[in-house]
Amino acid sequence: MKITAIETIVGAIVIFIAVSFFYFAYTIPGVKNINGYSISATFNKVSGLVNGAEVRLSGIKIGTISSQNLDLETYDAVVFMTISEEIKIPEDSSAKITSQGLLGTNYIEIEPGWSDTMLMDGEVIELTQGSVDIMDLLGKAVFGGAQ
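Using our numbering, you'd call the opening residue of the sequence shown number 560 and step up by one each time.
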């Protein structure tokens with residue numbers, strides 16, 4: 560079988576496009592690591608929350624979820640977040656897991672408190688609200704909460 564110059568050029572273009580796709584997929588601004596300090600929060604339920612998900616304050620991304628662990632004493636989920644170092648969060652702030660629309664990804668929304676004391680590296684947000692399962696809500700609405 561004879562390979563022509565046109566087939567070689569088309570093959571090179573396809574390979575270039577594939578490599579470019581993977582390069583941009585791994586270097587887009589939303590995927591890069593955030594340098595900052597670590598805080599945590601304990602939730603009763605973190606359904607749909609994944610490592611790398613956004614942490615937002617007033618709708619603006621200020622950090623990412625770095626890891627999630629299970630507290631073996633309380634069986635609650637402990638979520639560790641990396642927050643951008645220029646953002647200071649009052650210690651009486653609250654955190655809740657919410658989603659971007661009906662089918663969107665879950666993220667943590669921090670609602671700032673009024674304290675003059677700010678959270679430091681390694682500290683914990685005490686006031687939390689876990690994720691709400693849409694299927695549970697629909698089931699309760701349809702079946703009237705009957706089990």
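Just so you know, even glycine gets a beta-carbon here, dropped at the ideal spot from N, CA and C.
> Mind checking whether E613 and T601 have CB atoms under 9 Å apart?
Replying inline: Cβ distance not < 9 Å, so E613 and T601 don't count as in contact.
> Hey, would you say F639 sits closer than 9 Å to S690, going by beta carbons?
Replying inline: In this structure, F639 sits away from S690, with a CB-CB distance that is not shorter than 9 Å.
> Relative to the C-alpha of E644, which residue among S652, E632, K620 is closest?
Replying inline: Here the closest residue by C-alpha is K620.
> Near V590, what residues of its chain come up, given a Cβ to Cβ distance below 6 Å and the 5 sequence neighbours on each side ignored?
Replying inline: Caution is warranted here: a pLDDT of 48 is assigned to V590, below 50, making its placement in the model unreliable, and no coordinate value can be reported.
>> In the DSSP output, which residue or residues are listed as bridge partners for A600?
In response: DSSP, once it has assigned bridges, lists V638, I684 as partnering A600.
> Around the C-beta of A654, are 16 or more other C-beta atoms found within 10 angstroms, so that it is buried, or is it exposed?
Replying inline: Buried.
> Whole-angstrom Cβ separation of S658 and E670, contact assumed at under 8 Å?
Replying inline: The C-beta distance from S658 to E670 rounds to 16 Å, too long to meet the 8 Å contact threshold.
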